[in-house]
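To convert, note that position 241 of the sequence shown is 241 in UniProt numbering; the numbers rise steadily by one, no gaps.
Glycine included, every Cβ here is placed at the ideal spot set by N, Cα and C.
Please read these numbers as outputs of a predicted model, since none were measured by experiment.
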Amino acid sequence: MSPTPTLGRSLPGSSFTQGLIWMGLSMVSFIAMSVGSREMAETLSIRQVLFFRALVGLFVILAVGRAVFPEIRRMQQVPLHLARNVVHFTAQYFWTIGIVLLPLASVFALEFTMPIWVTLFAWLLLREKVSRQRLLATAGGFIGVLVIVRPGIGMVDPAAGLVLIAAAGYGLSLIMVKRLTGHCSPGAIVVWMILIQLPLGLIAALTDWRPVHVTDVPWMLVAGIGALSAHFCQAQALKRLEASVVIPIDFLRVPMAAVVGFYAYGEAIDLWVFLGGGIILLSNLQAVLAERRGQMTGALDAEPLVKAQPPHRS
1 MSPTPTLGRS
11 LPGSSFTQGL
21 IWMGLSMVSF
31 IAMSVGSREM
41 AETLSIRQVL
51 FFRALVGLFV
61 ILAVGRAVFP
71 EIRRMQQVPL
81 HLARNVVHFT
91 AQYFWTIGIV
101 LLPLASVFAL
111 EFTMPIWVTL
121 FAWLLLREKV
131 SRQRLLATAG
141 GFIGVLVIVR
151 PGIGMVDPAA
161 GLVLIAAAGY
171 GLSLIMVKRL
181 TGHCSPGAIV
191 VWMILIQLPL
201 GLIAALTDWR
211 PVHVTDVPWM
221 LVAGIGALSA
231 HFCQAQALKR
241 LEASVVIPID
251 FLRVPMAAVV
261 GFYAYGEAID
271 LWVFLGGGII
281 LLSNLQAVLA
291 ERRGQMTGAL
301 DAEPLVKAQP
311 PHRS
């Protein structure tokens, strides 16, 4: 496998600490992408939003991603890249509809039903061990999400259903990324994403094209660079951490989105958001501390509830 770009090796600390830093950067980037996408959708169609995000990403990788081009030319894992990006593109379309129609905090809260799928897929497809701490962190995070959306429990907006479908798609896509990190560098995974999703976005955008204004360009840059950065940072984190560790940490995007929605769009925020965020934070903290203790002592703090099984051979 080609070496990870220099940026991925320049962070201080252990591999575990680096994974946490990359996850933090990924969360900030996802929030930026969300805001940029919502602003673009004020004048452009959802399909154009996806296309221009990918187009900005293409210019970025042409400028800074040339180091991974030799790896791309080796054409490793192309069928898996194709499958991952078709699933991811479809999930993005549904998710962006939710970003436009629903409060930011509600979208991220609904999206985080994804860990249920990821934990299952990580066990079934990656044969990862799922420890007691990770299961508790996932369950605690999901409870926190339910607390956050409780005031809107009567919501029947069809967009909420689309976000739930997107969450399942993201879960499957994330597992595919985890599989790809065993064969490809994070930079190559992001480049393949742009190369596959750009033509998909163009075809979709041409079916619902609207005039583009100069004022849309800054938001294209925010959304496009944010999307590229989010996926690169997430791939870097997954290279250092198991998927079932990454997802509980990523729950922190929910209270972050609630705060951004309040200040940027005047979306209502109340005690339930902060209570749910506190539950999420405590759940994450216990998982992180347990993982750190395991690394420091060289032993697991608890026996896995679900143990990895070798693949059956016929």
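Contact check for Gly201 against Gly57 fails: the beta carbons are separated by 8 Å or more. It is roughly 6 Å from the alpha-carbon of Ala122 to the alpha-carbon of Glu128. For Ile196, the closest of Glu39, Leu55 and Gly36 by C-alpha to C-alpha distance is Leu55.
Here Gln48 has Ala205 as same chain residues with Cβ atoms under 6 Å from its own Cβ, once five neighbours each way along the sequence are excluded. The Cβ atoms of Leu241 and Val190 lie no closer than 8 Å to each other. With a beta-carbon spacing of about 6 Å, Gly276 and Val145 fall inside the 8 Å limit used to define contacts. Put simply, the backbone Cα of Val260 is about 10 Å away from that of Pro103. A direct Cα-Cα distance of roughly 11 Å separates Thr215 from Leu44. Taking all protein chains in view, the Cβ of Leu174 is crowded by 16 or more other Cβ atoms within 10 Å, so the residue is classified as buried. Counting C-beta atoms within 10 angstroms of its own C-beta, Asp208 has fewer than 16 neighbours from the protein chains shown and is therefore classed as exposed. By alpha-carbon distance to Ser37, the top candidate from Ile165, Met23 and Phe94 is Phe94. Straight across, the Cα-Cα distance linking Thr96 with Glu111 is about 11 Å. C-alpha of Leu221 to C-alpha of Arg53: approximately 8 Å in a straight line. His213 counts as exposed, since fewer than 16 other beta carbons sit within 10 angstroms of its beta carbon.
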